[in-house]
Amino acid sequence: MYAVQQFINILQLGSIYGLIALGYTMVYGIIRLINFAHGDLFMVAAFISYILAVYLKLPFIPTLLISVVFVAMLGMSIERLAYKPLRQAPRVSVVITALGVGLFLENFVLLFYPYPQVVPTLLPTINWNLGGVTVSFLHVLIVGLALLLMLILDLIVNRTMVGMAMRAISWNKTIVPLMGVSVDKIISITFILGTGLAAIAGVMYSQAFSTIDPYMGILIGWQAFICAVIGGIGNIRGAILGAFILAAVQILVVTFLPSTYRDFITFTLLLVFLAFRPYGILGKPPIEKV
Amino acid sequence: MKKTVVVLLVTMLTIMSMVLVGCKSSAELTIPIGLNAELTGGLPIVGASCKNAALLAVKEVNDAGGLDVGGKKYQIKLFIEDNAYKSDQSVAVTQKLITQDNVVAIIGPNASAMAIPPSEIAETSKVLMISPWSTNPATTIDSKTGQPKKYVFRACFIDTFQGKLDAKFAMETLGAKRIAVMYDVADDAGVGLSKYFKETVEQMGGNIVAFETYTSGDKDFSGQLTKIKQANPDLIYLPVMYNYVPVQIKQAHALGITAKFLGSDGWASDELIKLGGKDVEGTFHTAHYAPDIATPIAQNFIKAYNTAYSSVPDDVAALTYDSFGMLFESLKTAGKVDRQAVRDALANMAHYEGVTGTLQFKEGSGDPIKSAVILETKNGKFVYYATVQP
Numbered sequence: 001m002y003a004v005q006q007f008i009n010i011l012q013l014g015s016i017y018g019l020i021a022l023g024y025t026m027v028y029g030i031i032r033l034i035n036f037a038h039g040d041l042f043m044v045a046a047f048i049s050y051i052l053a054v055y056l057k058l059p060f061i062p063t064l065l066i067s068v069v070f071v072a073m074l075g076m077s078i079e080r081l082a083y084k085p086l087r088q089a090p091r092v093s094v095v096i097t098a099l100g101v102g103l104f105l106e107n108f109v110l111l112f113y114p115y116p117q118v119v120p121t122l123l124p125t126i127n128w129n130l131g132g133v134t135v136s137f138l139h140v141l142i143v144g145l146a147l148l149l150m151l152i153l154d155l156i157v158n159r160t161m162v163g164m165a166m167r168a169i170s171w172n173k174t175i176v177p178l179m180g181v182s183v184d185k186i187i188s189i190t191f192i193l194g195t196g197l198a199a200i201a202g203v204m205y206s207q208a209f210s211t212i213d214p215y216m217g218i219l220i221g222w223q224a225f226i227c228a229v230i231g232g233i234g235n236i237r238g239a240i241l242g243a244f245i246l247a248a249v250q251i252l253v254v255t256f257l258p259s260t261y262r263d264f265i266t267f268t269l270l271l272v273f274l275a276f277r278p279y280g281i282l283g284k285p286p287i288e289k290v
Numbered sequence: 291m292k293k294t295v296v297v298l299l300v301t302m303l304t305i306m307s308m309v310l311v312g313c314k315s316s317a318e319l320t321i322p323i324g325l326n327a328e329l330t331g332g333l334p335i336v337g338a339s340c341k342n343a344a345l346l347a348v349k350e351v352n353d354a355g356g357l358d359v360g361g362k363k364y365q366i367k368l369f370i371e372d373n374a375y376k377s378d379q380s381v382a383v384t385q386k387l388i389t390q391d392n393v394v395a396i397i398g399p400n401a402s403a404m405a406i407p408p409s410e411i412a413e414t415s416k417v418l419m420i421s422p423w424s425t426n427p428a429t430t431i432d433s434k435t436g437q438p439k440k441y442v443f444r445a446c447f448i449d450t451f452q453g454k455l456d457a458k459f460a461m462e463t464l465g466a467k468r469i470a471v472m473y474d475v476a477d478d479a480g481v482g483l484s485k486y487f488k489e490t491v492e493q494m495g496g497n498i499v500a501f502e503t504y505t506s507g508d509k510d511f512s513g514q515l516t517k518i519k520q521a522n523p524d525l526i527y528l529p530v531m532y533n534y535v536p537v538q539i540k541q542a543h544a545l546g547i548t549a550k551f552l553g554s555d556g557w558a559s560d561e562l563i564k565l566g567g568k569d570v571e572g573t574f575h576t577a578h579y580a581p582d583i584a585t586p587i588a589q590n591f592i593k594a595y596n597t598a599y600s601s602v603p604d605d606v607a608a609l610t611y612d613s614f615g616m617l618f619e620s621l622k623t624a625g626k627v628d629r630q631a632v633r634d635a636l637a638n639m640a641h642y643e644g645v646t647g648t649l650q651f652k653e654g655s656g657d658p659i660k661s662a663v664i665l666e667t668k669n670g671k672f673v674y675y676a677t678v679q680p
């Protein structure tokens with residue numbers, strides 16, 4: 001029973017990591033930008049859901065939808081204002097800008113909410129006790145949502161015209177406009193989808209762990225980055241695979257080793273992948289274009 | 291051309307320095323005191339309480355015409371610095387207070403992880419530092435020699451005392467036999483407390499069935515708590531900061547854990563109840579003072595604090611107020627505004643009647659001898675449960 005409970009813990013943690021890693025990996029996959037502000041957009045979504053639930057007393061579905069739309073628009077505007085002018089600049093400049101945007105978001109929220117806040121529980125708290133194993137409705141919802149969104153995203157990227165344009169841009173940004181595709185529009189859509197996913201993760205996370213603070217996005221953003229690297233950054237299925245691997249490693253370390261080793265092993269895993277397989281499990285080794 | 295620029299620059303600097311010196315001599319007599327607090331970052335409530343109490347203590351003295359030191363009345367000038375709950379920034383602001391603002395003494399920081407690094411600087415710079423709330427023994431002990439630091443004091447009891455007291459309370463009063471511990475490895479107070487708690491429980495014949503850790507910033511404790519549930523404890527000791535407690539107890543309850551919870555003085559913030567709601571009912575924790583059994587001195591302070599900020603002062607506020615009280619007392623005894631003289635006066639102080647009880651410093655040590663209280667969370671309030679003498 002103990003093992004089963006830990007397995008359920010892995011599924012829940014992995015799904016939350018997965019939701020954030022999906023957006024991370026998608027933005028990278030298409031415009032080769034490691035969006036370090038991603039974790040902070042996740043945090044903004046959690047705070048928007050808090051405002052909607054506390055001040056407007058909205059139920060779960062409208063809270064989720066409004067938060068997602070708001071944060072997706074925010075993500076798109078950030079891309080327009082901060083990243084677009086740097087499209088021809090060295091990649092390092094954009095990464096530094098992303099870090100700056102992240103710091104801005106953290107400190108902006110800090111102005112209004114310097115203290116941790118509690119998000120009211122909007123979902124029914126149903127716990128099933130199956131022979132000593134506790135499963136909650138929230139667990140099931142989070143796991144289901146992560147897998148469903150992965151499938152939808154996979155379909156969008158691989159089966160639609162927009163997805164085809166996205167893949168084309170990731171392949172060659174200069175040729176694509178010659179085929180009559182608006183690069184700006186496609187990149188905007190990429191950001192809307194990517195940050196929308198982070199927003200869903202933020203709302204679900206605040207429901208699962210209830211306390212939120214302006215710095216909550218930093219650590220979880222790093223964890224999602226590791227998930228994306230393990231699975232193969234830019235690869236959608238890889239992000240989910242990486243998320244479950246990371247969650248399994250973290251929970252198993254806590255189970256069998258002193259829990260102090262957890263972050264040590266997590267970041268060692270990142271280093272090992274970066275050193276020996278930087279393109280991750282499902283990624284393809286990059287082809288040098290001469 | 292170059293020469294003219296140099297001459298111009300020198301003239302400007304001379305005028306500026308003359309103006310600055312002129313300002314200083316015309317101003318009234320002041321005593322600069324530094325405050326190093328956790329205003330932003332992970333523990334903003336602690337920083338806010340500390341700042342509020344500091345401003346109150348300074349205002350009371352200044353409004354009464356100033357502090358009488360050696361027959362002259364001095365106004366207190368407070369330099370407030372934010373360490374952002376980062377140890378490197380805590381060191382940087384301490385250096386700034388000492389070298390730039392020329393403070394006579396520094397009050398703060400509060401969290402042990404913030405207080406230990408700057409305590410080394412205060413010691414080497416020979417500047418008095420009083421930490422209101424840092425309970426880790428290392429704050430006042432020199433890491434190289436193992437001897438007590440000469441310039442670092444605190445207003446609170448230390449973790450060796452608190453850890454033992456918590457262990458005794460868990461076993462004797464609450465009757466716990468199988469005990470689990472979970473703490474934050476990045477929090478010096480928690481690391482120390484868990485160690486002393488575990489030692490005492492084992493000496494008393496109790497059983498530590500799980501000893502789990504996590505790192506600052508974590509929100510998911512399902513792995514550790516599932517392991518604790520498997521060990522089937524009848525009490526879980528959480529020597530952690532208030533902001534983690536609600537999340538941990540909520541997750542424990544969701545996993546079906548029914549054990550009792552006991553915490554350290556890190557719990558003493560109303561935020562715990564606000565964030566935890568029903569889940570934190572019936573828990574116990576150690577504290578530095580209990581507002582509901584306050585002495586006349588404490589009642590005056592609670593009243594003044596309540597008038598100024600319309601809230602009941604927490605542990606940090608009370609301890610900060612006592613730190614300032616002790617500092618003012620030492621300044622008066624010293625009879626001059628001098629770093630060394632103030633330090634000597636505090637070290638030789640017979641005893642101090644403060645908000646948090648009677649404080650007394652042992653020969654050569656910066657750790658006061660004082661009592662602790664145990665509080666219970668009942669109907670959305672911390673209620674006095676017992677007093678424990680050292």
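Residue numbers (this note's numbering), protein chains in the order written: chain C, 1 to 290; chain F, 291 to 680. The beta-carbon is built from N, C-alpha and C at its ideal position, and this holds for glycine as well.
Item to check | N-terminal and C-terminal residue of the beta strand (DSSP E) that isoleucine 369/F is part of | outcome: Stepping through the second sequence from its first residue, residue 369/F is reached at position 79. A small correction: the amino acid at residue 369/F is phenylalanine; isoleucine does not occupy that position in the sequence shown. It spans 362–372 - the beta strand (DSSP E) in which phenylalanine 369/F sits, taken as one unbroken run.
Next on the checklist: By DSSP's criteria, proline 438/F is part of a beta bridge. Which residues make up the other side?
Outcome noted: By 1-based counting over the second sequence, the position of residue 438/F is 148. DSSP, once it has assigned bridges, lists Ile431/F as partnering proline 438/F.
Checklist entry - Does the Cβ of serine 620/F have 16 or more other Cβ atoms within 10 Å, making it buried, or fewer, making it exposed? => result In the second sequence, the residue the question calls residue 620/F occupies position 330. Buried, since its Cβ has 16 or more Cβ neighbours within 10 Å.
Item to check | Beta-carbon contacts of asparagine 9/C that lie in its chain and below 6 Å, excluding the five residues immediately before and after | outcome: Counting from 1 along the first sequence, the entry for residue 9/C is found at position 9. Hits under 6 Å: Ile251.
Checklist entry - At least one CB of chain F closer than 9 Å to the CB of asparagine 129/C: is that the case? => result Reading the first sequence from its first residue, position 129 is the one you call residue 129/C. By this cut-off, asparagine 129/C is an interface position.
Checklist entry - Would you call the stretch 393–403 of chain F and the stretch 416–423 of chain F in contact, with 3 or more CB pairs under 8 Å? => result yes
Next on the checklist: Strictly under 9 Å for the Cβ-Cβ distance: is asparagine 251/F near chain C by that measure?
Outcome noted: This structure leaves residue 251/F out entirely; chain F is present only between 291 and 680.
Checklist entry - How about leucine 22/C and isoleucine 281/C: are their beta carbons less than 9 Å apart? => result Counted from its first residue, the first sequence places residue 22/C at position 22. Counted from its first residue, the first sequence places residue 281/C at position 281. Not in contact: leucine 22/C and isoleucine 281/C (Cβ atoms no closer than 9 Å).
Checklist entry - When the Cα atoms are used, what is the spatial distance from lysine 439/F to lysine 660/F? => result Your numbering for residue 439/F matches position 149 in the second sequence. Your numbering for residue 660/F matches position 370 in the second sequence. Distance between the alpha carbons of lysine 439/F and lysine 660/F: 19 Å.
Checklist entry - Expressed to the nearest angstrom, what Euclidean distance is found between the alpha-carbon atoms of serine 316/F and lysine 488/F? => result Translated into the one-based positions of the second sequence, residue 316/F becomes position 26. Translated into the one-based positions of the second sequence, residue 488/F becomes position 198. Its pLDDT being 44, under 50, serine 316/F is placed unreliably in this model, and the value from its coordinates should be taken loosely. Whole-angstrom Cα-Cα distance: 59 Å.
Next on the checklist: According to DSSP, methionine 472/F sits in a beta bridge with which residue or residues?
Outcome noted: Locating residue 472/F in the second sequence gives position 182, where the first residue counts as 1. Partner(s): Glu502/F.
Next on the checklist: Please confirm whether phenylalanine 209/C has its beta-carbon closer than 9 Å to some beta-carbon of chain F.
Outcome noted: One-based indexing of the first sequence puts residue 209/C at position 209. Yes, its Cβ sits closer than 9 Å to a Cβ of chain F.
Checklist entry - If you draw a straight line from the alpha carbon of tyrosine 17/C to that of threonine 389/F, how long is it in whole angstroms? => result Counted from its first residue, the first sequence places residue 17/C at position 17. Counted from its first residue, the second sequence places residue 389/F at position 99. Each residue's alpha carbon lies about 46 Å from the other.
Item to check | Rounded separation between threonine 268/C and arginine 262/C - CA only | outcome: Residue numbering aside, residue 268/C sits at position 268 when the first sequence is read from its first letter. Residue numbering aside, residue 262/C sits at position 262 when the first sequence is read from its first letter. Approximately 10 Å between the Cα atoms of the pair.
Checklist entry - So with Cβ pairs under 9 Å, would you call methionine 216/C a contact of chain F? => result Residue mapping note: residue 216/C aligns to position 216 of the first sequence, counting from 1. Yes, methionine 216/C lies at the interface with chain F (some Cβ there is under 9 Å from its Cβ).
Checklist entry - Is tyrosine 233/F close to chain C, meaning its C-beta is less than 9 Å from at least one C-beta of that chain? => result Lying outside 291 to 680, the shown extent of chain F, residue 233/F is not represented and no answer is given.
Item to check | Proximal residues of chain F, C-beta to C-beta of leucine 111/C below 9 Å | outcome: Taking the first sequence and counting its residues from 1, one reaches residue 111/C at position 111. Near leucine 111/C there are no residues of chain F at all, since even the closest Cβ is about 10 Å away, more than 9 Å.
Checklist entry - Does DSSP put phenylalanine 447/F in a helix, a strand or coil? => result If you number the second sequence from 1, residue 447/F lands on position 157. In this structure, phenylalanine 447/F counts as coil in the three-state DSSP scheme.
Item to check | Cβ neighbour criterion (16 or more within 10 Å) applied to glutamate 328/F | outcome: Looking up residue 328/F in the second sequence gives position 38. Burial call: buried.
Checklist entry - Where phenylalanine 60/C and leucine 123/C are concerned, what is the direct C-alpha to C-alpha distance, given to the nearest angstrom? => result Counting from one through the first sequence, the residue named residue 60/C turns up at place 60. Counting from one through the first sequence, the residue named residue 123/C turns up at place 123. Taking the straight line from one Cα to the other gives about 7 Å.
Item to check | Nearest-angstrom Cβ-Cβ length linking glutamate 666/F and phenylalanine 551/F, presumed shorter than 8 Å | outcome: Within the second sequence, residue 666/F is the residue found at index 376, counting from 1. Within the second sequence, residue 551/F is the residue found at index 261, counting from 1. That belief does not hold up - the Cβ atoms of glutamate 666/F and phenylalanine 551/F are roughly 11 Å apart, past 8 Å.
Checklist entry - Are alanine 476/F and serine 506/F closer than 9 Å when you measure CB to CB? => result Here residue 476/F is taken as the residue at index 186 of the second sequence, counted from 1. Here residue 506/F is taken as the residue at index 216 of the second sequence, counted from 1. Yes. Within cutoff.
Checklist entry - If we call anything under 9 Å between Cβ atoms a contact, is glycine 75/C one with leucine 19/C? => result Here residue 75/C corresponds to residue number 75 of the first sequence, with the count starting at 1. Here residue 19/C corresponds to residue number 19 of the first sequence, with the count starting at 1. Against a cut-off of 9 Å, the Cβ pair of leucine 19/C and glycine 75/C comes out as no contact.
Item to check | Contacts around lysine 314/F, its chain only, beta-carbon distance under 8 Å, and the 5 residues preceding and following it disregarded | outcome: As a first step, residue 314/F is located in the second sequence; it is residue number 24 there, counting from the start. Note that lysine 314/F scores 48 on pLDDT, short of 50, meaning its location in the model is unreliable; the coordinates nonetheless yield the value given after this. There are no such residues.
Checklist entry - Sorry if obvious, but does the Cβ on lysine 626/F come closer than 8 Å to a heavy atom of the ligand ATP? => result What this structure holds is no ligand at all, so the ligand ATP is not there to describe.
Checklist entry - Among Ser188/C, Val181/C, Val119/C and Leu197/C, which one has its Cα closest to the Cα of serine 206/C? => result The residue given as residue 206/C occupies position 206 in the first sequence. It is Val119/C whose Cα lies nearest to the Cα of serine 206/C.
Checklist entry - Which residues, in chain order, does the stretch 257–280 of chain C contribute to contact with chain A at a C-beta distance below 8 Å? => result As a matter of chain content, chain A is missing from the structure shown, whose protein chains are C and F.
Checklist entry - Would you say leucine 65/C faces chain F, with C-beta separation under 9 Å as the test? => result The residue labelled residue 65/C in the question sits at position 65 within the first sequence. It does not: the Cβ of leucine 65/C has no partner Cβ on chain F nearer than 9 Å.
Checklist entry - Considering alanine 676/F, what are the terminal residues of the alpha helix (DSSP H) in which it resides? => result As a position in the second sequence, residue 676/F is number 386, starting the count at 1. Alanine 676/F -> not in any alpha helix (DSSP H); beta strand (DSSP E) instead, spanning 671–678.
Checklist entry - Relative to the C-alpha of glutamine 379/F, which residue among Asp391/F, Gly360/F, Ala405/F and Tyr364/F is closest? => result In the second sequence, counting from the first residue as 1, residue 379/F sits at position 89. Cα-wise, what sits closest to glutamine 379/F is Ala405/F.
Item to check | Neighbour list for proline 114/C in chain F, Cβ cutoff strictly below 7 Å | outcome: Here the question's residue 114/C lines up with position 114 in the first sequence. Neighbours of proline 114/C on chain F, chain order: Thr330 and Pro334.
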